[in-house]
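Here the structure comes first, spelled out in structure tokens, and everything after it is commentary.
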Amino acid sequence: MPLPLSTWEMPAVPSELVDAFWHAHILDTRRYADDYQLLSSSKIRRSSASLAFICELRLQNGERLRLEIGDVSQSGLGLRSNESDIRRLPIGTVLRGCKLELGQQRLQDITLQVAGCGLQWQGRSVMHTLGCAFVLLTLHQQTLLQRLVYQIERARRQ
């Protein structure tokens, strides 16, 4: 069941800057990789085991899925997988107890709500995409995400 907007602690789009950053990176994996390289001085490798930005979803049946984060903002995440596991998550699904690995930062007990899903073709293979909104982030979690988005944006401008 989708959560009503009145239960959210933060606006859906915190600022025009965040909104612009979010839309600049949606499904633009090359730009995301370039920004990551600027921030960390290392390249993103294609193996999902070696990626620095990972989201571990805890499904309602207790199963866990580890997905690559293709986009991050203060309001949500864009997730990617070459497996079709994420297609079974309908829009509005609330996922509690998720974990984020954002380079050096780790966030736990994150609640996400599925906002959309789609497909992205890369040559002959398909990448399944999933958009998730953050639900009820703590002030500490909001601060860490804000710093990360700021670092990425600052690196992009240099």
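Under numbering that gives the first Met the number 0, the first residue of the sequence shown is numbered 0, with each subsequent residue one higher. From the three backbone atoms N, C-alpha and C, an ideal C-beta is built for every residue, glycine too.
Proximity to residue i [Cα-Cα], best of the options
i      : options                        : result
Ile109 : Gln119, Gly102, Leu138, Cys97  : Cys97
Leu88  : Gly117, Phe52, Gln157, Glu100  : Gly117
Leu99  : Val113, Arg57, Arg155          : Arg57
Gln104 : Leu143, Val134, Thr92, Ser72   : Leu143
Ile90  : Gly115, Phe133, Arg155, Gln121 : Gly115
Asn60  : Ser72, Val134, Phe52, Leu94    : Leu94
Gln73  : Glu62, Gln140, Cys54           : Gln140
Phe133 : Gly102, Leu111, Gln145         : Leu111
Leu78  : Gln107, Cys131, Arg155, Trp120 : Cys131
Per-residue DSSP class, three states only, for residue i
i      : result
Arg79  : strand
Glu67  : strand
Ile53  : strand
Gln104 : strand
Thr92  : coil
Inter-residue CB distance, residue i and residue j (contact presumed, cutoff 8 Å)
i      : j      : result
Leu66  : Ser80  : 5 Å
Asp70  : Leu64  : Not a contact, Cβ separation roughly 17 Å.
Val113 : Thr92  : 4 Å
Ile85  : Ile68  : Not really, about 13 Å apart at Cβ, beyond 8 Å.
Leu101 : Leu147 : 6 Å
Strand pairing of residue i, partner residues [DSSP]
i      : result
Ile109 : Cys97
His165 : Beyond the ends of the chain as shown, which are 0 and 157, falls residue 165; an answer cannot be given.
Ala154 : None; Ala154 has no bridge partner.
Val134 : Thr110
Check: Is the region 143-153 touching the region 120-127, taking contact as three or more C-beta pairs under 8 Å?
Finding: Between the region 143-153 and the region 120-127 there are fewer than three C-beta pairs closer than 8 Å, too few to call the two in contact.
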